[in-house]
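Trainee: As given, the protein sequences belong to chains A and B, one line each in that order. The opening residue of the first sequence carries number 1 in the working numbering; numbering runs sequentially from there. The opening residue of the second sequence carries number 1001 in the working numbering; numbering runs sequentially from there. For every residue, glycine included, the Cβ atom is placed at its ideal position computed from N, Cα and C.
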Amino acid sequence: MNELDPDLARLFAQARAPLADDVFMAGLLLKMERARRTRMRLQVLAIAAVAVVVLLNLGPVLEDTAAVVRLVGDIPPAYADVLITPWGWAVSMLVGIAAVLRARPSRR
Amino acid sequence: MALAMNGDDTAYGELVRRRQDAIRHLFRRLTRDPALADDLAQHAFVLAWKSIRTLKSPAAFGAWLRKLAVNCWLQHARIKKYEVALADEAPCEGHASSRVTERLDLDAALATLPPHARLCVVLAYSEGMSHAEISESTAIPLGTVKSHIARGAAHLRELLCDYGEPR
C-alpha cells in the first residue's frame, strides 16, 4: 500500500455519504431496456441484410446449379459407375466447386 | 454473481444495488457534477451488463467494474477535453466546517486538477488503490501515476488548507 496524506484521506472518507439508489436504479433500468431494444433492432437488421443478400444471389446460383444438374444428367451410365468410386467422387467435387466459383454472381 | 453472469437481470440489479454507491462516488469525485456522475455510472453499469458474460472470474467483478468505470471516465474526458481552469468558487475562502461544505470544497479542489491527475488522486484516496493498480487500470505509466498523486495531493493540501491539521 502506498503512503497517503492522512488529512486528505480523512476528507475523502468523509465525502462518501450514502447515496439514495431508487432514482438511480430507475434510470439504469430504463437505459438497460433501451440498450436491449437497440440490440434487438440491430439483430433484426442483420438478419434482414443476410436475407436480402441471399435473395439477390439465389436466382443466379439456382440457374447455374440447374445447368450443372442437367450436365450431370447427360452423363452416360458408364461414366456414372466411375462417379461413385472415391476418385470419381473427388474429381466430381473439384469440378463442382470450380463450377460454383465460376458461377459466383460477384464475377458477373 | 453466477446468475447475473448467466443473464439474470434481477441478480444483476442486486449486484448494481450493492456497487452503485462506490461507482457513483468515484464519478462524483471525478466530475463534480452529480447528474453527470450518475449518467456516467449508469453508462458503466450498462456496459458491464452487456459484457458480463466475458468476465472470467466472478471474484474479479469489483475490479473489472472499476476498470470499466475508469475507461468510461477517460473516454468522457477525451470527448469533452476538459478545461483545466480554476473553479469559480475559491476553495479556501469558506470557513464552514460542515461535512457538506467539506465535500463541496474537496470536489471544487479536485476539479482544478487535470483529468488524469484527478483520476489518479481519486483512485488512490477514494478507492484505496495502490500506484501499481492505478497504473494497470488507467494504462498510465507507474512513474507518471506517482507524480500525478504527489503533485495532486500537494495541490489539494494547498487549496484545502483550512481542513487539515496544521502541518
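(1) Alpha carbon to alpha carbon, how far is A1069 of chain B from L101 of chain A?
(2) Step through the CB atoms of chain A and report whether any lies within less than 9 Å of the CB of G1013 of chain B.
(3) For the alpha helix (DSSP H) that contains I97 of chain A, what are its first and last residues?
(4) To be precise: take each residue of the stretch 1122-1135 of chain B, compare its Cβ to all Cβ atoms of chain A, and keep it if any distance is under 7 Å. Which residues remain?
(5) Let me see if you follow: with CB-CB separation under 9 Å, is R1029 of chain B close to chain A or not?
(6) With DSSP run on the structure shown, which of helix, strand or coil describes E1127 of chain B?
(7) State the Cα-Cα distance for the pair A1096 of chain B and A1035 of chain B, rounded to the nearest angstrom.
(8) Taking DSSP as the reference, what is the three-state secondary structure of M1001 of chain B?
(9) So, at 6 Å on beta carbons, what are the nonlocal neighbours of D64 of chain A in its own chain, with the 5 sequence-adjacent residues on each side left out?
(10) From the DSSP output, in three-state form, read off N1006 of chain B for me.
(11) For the alpha helix (DSSP H) holding I1052 of chain B, just list the boundary residues, first then last.
(12) Let me check understanding here. Comparing Cα to Cα, which of B:W1064, B:A1132, B:W1073 lies closest to P1114 of chain B?
(13) If you measure beta-carbon to beta-carbon, which residues of the stretch 1068-1083 of chain B are closer than 7 Å to chain A?
(14) On the three-state DSSP scale, how would you describe C1161 of chain B?
(15) Specify the secondary structure class of R1032 of chain B as computed by DSSP and reduced to three states.
(16) Determine whether the Cβ of A1117 of chain B lies closer than 9 Å to any Cβ atom of chain A.
(17) Helix, strand or coil for D1038 of chain B, going by three-state DSSP, please let me know.
(18) 9 Å is my cut-off, CB to CB: does E1089 of chain B come that close to chain A?
(19) Look at the alpha carbon of S1137 of chain B and the alpha carbon of A1063 of chain B, and state the distance between them as a whole number of angstroms.
(20) Tell me the residue span of the alpha helix (DSSP H) that contains D7 of chain A.
(21) Comparing the C-beta of F1061 of chain B with each C-beta of chain A, is any distance below 9 Å?
(22) Assign E3 of chain A to one of three DSSP states: helix, strand, or coil.
Mentor: By the coordinates alone:
(1) For A1069 of chain B and L101 of chain A, the distance between alpha carbons rounds to 49 Å.
(2) Yes, because at least one Cβ of chain A sits closer than 9 Å to the Cβ of G1013 of chain B.
(3) From DSSP, the alpha helix (DSSP H) with I97 of chain A extends over 86-102.
(4) Taking 7 Å as the cut-off between beta carbons, the residues of the stretch 1122-1135 of chain B near chain A are A1124, Y1125, S1126, S1130, H1131, in sequence order.
(5) For R1029 of chain B, the answer is yes, since a Cβ of chain A falls inside 9 Å of its Cβ.
(6) The answer is coil: DSSP assigns E1127 of chain B none of H, G, I, E or B.
(7) Its pLDDT being 42, under 50, A1096 of chain B is placed unreliably by the model, and the measurement read from it follows with that caveat. Cα to Cα, A1096 of chain B sits roughly 25 Å from A1035 of chain B.
(8) In the structure shown, M1001 of chain B sits in coil (DSSP, three-state: anything other than H, G, I, E or B).
(9) Excluding sequence neighbours, D64 of chain A sits near A103.
(10) Coil.
(11) DSSP places I1052 of chain B in no alpha helix (DSSP H); its state is neither H nor E.
(12) For the options B:W1064, B:A1132, B:W1073, the alpha carbon positioned closest to that of P1114 of chain B is the one of B:W1073.
(13) Cβ proximity to chain A below 7 Å picks out nothing from the stretch 1068-1083 of chain B.
(14) Three-state result, C1161 of chain B: coil.
(15) In the structure shown, R1032 of chain B sits in coil (DSSP, three-state: anything other than H, G, I, E or B).
(16) The Cβ of A1117 of chain B sits no closer than 9 Å to any Cβ of chain A.
(17) Looking at D1038 of chain B - three-state DSSP - the assignment turns out to be helix.
(18) Low confidence applies to E1089 of chain B: its pLDDT is 40, below 50, so where it sits in the model is not reliable, and the reading given next is rough at best. No, its Cβ sits nowhere closer than 9 Å to a Cβ of chain A.
(19) One Cα belongs to S1137 of chain B, the other to A1063 of chain B, and the distance between them is close to 9 Å.
(20) Per DSSP, D7 of chain A belongs to the alpha helix (DSSP H) from 6-14.
(21) Taking CB atoms only, F1061 of chain B has no neighbour in chain A less than 9 Å away.
(22) Residue state for E3 of chain A is assigned as coil, using DSSP reduced to three classes.
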